[in-house]
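Numbering (my numbering), first residue to last: 1 to 438.
Where a beta carbon is used, it is the ideal one built from N, C-alpha and C, also for glycine.
Worksheet: one structure, shown below.
See below:
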């Protein structure tokens, strides 16, 4: 589309985090054709449609670096139960999860993210082919990975089958601007060393990312200490697979040596503060990681773990939990947090040349945030407003590849009521089985 945003406050998230107070931005087709002061808007764009953004912030659309879109059915189930994993999650996946339920769950999850200003996510679940199809239909960028385990409860019963399924996902990439396949082994305790090495080799040969839960569980730490006399992160290093292709999710339990290894190997840590705090697993040492040069991004985790797929909440929790842990309110400033869901996240996905900042020549993935809400008034510091005050209710418009995906807080490609009805119908067998376990 061809569109001019005028009189906006623009957070470009370029290398200097430049801010334009009375700025204009032009979308021409799929790309950003102009970003600059409104007074310098070229006359050649006079015929384009104009969107008045005088009470708005413009920023790159947000990137969620870890979620499980197919798990909407688990939302609100056993949230306060100690052993929810073995009482609900694994048995119900084995008994009830189908491609139809995963796809309808993912559709609701994607709609929730789009309405929350998220235009791209890294997804790890089962039936990822069906999920990829839904994402593309909804105009949502998805880095999708089939969960790989030695003993999987769903559509791939073995690690070999899961890896074969993951290879098939790469065929979806062809001529699809919304989808890119990643490899997604579940965790070092559920995937063998030989499988991990095979995944690592494929990620490198195909020049793609791989993502895995790492150093998340207490039992995980105990297992590797007992069997290998090392931490899970040190274990990956011993296998020669800790590298810059890895998106290491959680990393709650880390030693100084672990953080040094992550920095040395240039692995990216995906921090999910909401899910971590809710599950009482602890607070990852993000401040220390950043101090050592580790690249950190944010994720919501799945709708059964963090419950909401909302990066505004994650940004706020990320900042305030680190301040609280260090007992210093000056640490991890708001201006340092926003890149974790924009420019830094794009670089972590190998998309820094296309996404993550509002610069001429980049693809037009844009979030328009209204500043007319009581919670965003006044806007003395836009970064503080975004990290500490703003929420999903302030998302006014979302553009992906120049397409108006959310317009005046409404989805343009999807009927939200129809998505909800489809999900509820497909989830009835799941709900019936879940009630037996309450």
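Tell me, which residues are paired with residue i by DSSP?
i: residue 271; result: 298
i: residue 26; result: 4, 34
i: residue 148; result: 185
i: residue 120; result: 63, 141
i: residue 125; result: 146
i: residue 212; result: 248
i: residue 57; result: 9, 369
i: residue 49; result: 3
i: residue 407; result: 410
Can you list, in chain order, the residues of its chain whose CB lies under 6 Å from that of residue i, leaving out five sequence neighbours each side?
i: residue 189; result: 220, 223
i: residue 62; result: 117, 118, 311, 341
i: residue 394; result: 369, 370, 373, 376
i: residue 270; result: 65, 66, 247, 249, 297, 299
i: residue 108; result: 72, 419, 423
i: residue 404; result: 412
i: residue 45; result: 4, 26
i: residue 158; result: none
Among the candidates the options, whose CA atom is the shortest distance from the CA of residue i?
i: residue 15; options: 89, 191, 355, 141; result: 355
i: residue 163; options: 372, 277, 203, 176; result: 203
i: residue 56; options: 7, 217, 424; result: 7
i: residue 385; options: 414, 313, 37, 417; result: 313
i: residue 412; options: 209, 421, 397, 392; result: 397
i: residue 160; options: 140, 183, 142, 174; result: 183
i: residue 208; options: 256, 179, 103, 28; result: 179
i: residue 80; options: 367, 280, 104; result: 280
i: residue 307; options: 42, 70, 41, 325; result: 70
i: residue 276; options: 214, 103, 264; result: 214
i: residue 110; options: 437, 236, 414, 432; result: 414
i: residue 326; options: 121, 284, 305, 254; result: 284
i: residue 125; options: 278, 138, 139, 90; result: 90
i: residue 348; options: 256, 294, 104; result: 294
i: residue 167; options: 387, 360, 92, 205; result: 205
i: residue 437; options: 264, 87, 265, 151; result: 87
i: residue 343; options: 365, 329, 330; result: 365
State yes or no: is the C-beta of residue i within less than 7 Å of the C-beta of residue j?
i: residue 318; j: residue 273; result: yes
i: residue 430; j: residue 96; result: yes
i: residue 9; j: residue 17; result: no
i: residue 315; j: residue 337; result: yes
i: residue 299; j: residue 64; result: yes
i: residue 113; j: residue 309; result: yes
i: residue 335; j: residue 383; result: yes
i: residue 448; j: residue 149; result: Within the shown structure, residues of the chain are numbered from 1 to 438, placing residue 448 beyond reach of any answer.
i: residue 291; j: residue 252; result: no
i: residue 427; j: residue 101; result: yes
i: residue 75; j: residue 106; result: no
i: residue 13; j: residue 357; result: yes
i: residue 136; j: residue 176; result: yes
i: residue 77; j: residue 434; result: yes
i: residue 94; j: residue 153; result: yes
i: residue 262; j: residue 237; result: no
i: residue 231; j: residue 256; result: no
i: residue 360; j: residue 35; result: yes
Return the chain-ordered list of same chain residues with a C-beta closer than 7 Å to the C-beta of residue i, the five sequence neighbours on each side being excluded.
i: residue 5; result: 24, 25, 51, 53, 58
i: residue 267; result: 242, 243, 244, 246, 248
i: residue 363; result: 30, 31, 354, 355, 401
i: residue 193; result: 239
i: residue 38; result: 6, 7, 22, 23, 24
i: residue 141; result: 119, 120, 178, 400
i: residue 28; result: 2
State the DSSP-derived secondary structure class of residue i, mapped to helix, strand or coil.
i: residue 143; result: strand
i: residue 248; result: strand
i: residue 363; result: strand
i: residue 292; result: coil
i: residue 455; result: The first residue shown for the chain is 1 and the last is 438, placing residue 455 beyond what the model contains.
i: residue 370; result: strand
i: residue 347; result: helix
i: residue 179; result: strand
i: residue 376; result: helix
i: residue 399; result: strand
i: residue 21; result: strand
i: residue 158; result: strand
i: residue 258; result: helix
i: residue 86; result: helix
i: residue 204; result: helix
i: residue 76; result: coil
i: residue 232; result: helix
Leaving out five residues on either side along the sequence, give the residues of the same chain with a beta carbon under 8 Å from the beta carbon of residue i.
i: residue 169; result: 128, 129, 132, 144, 145, 146, 181
i: residue 332; result: 286, 287, 290, 318, 319, 322, 323
i: residue 173; result: 179, 180, 181
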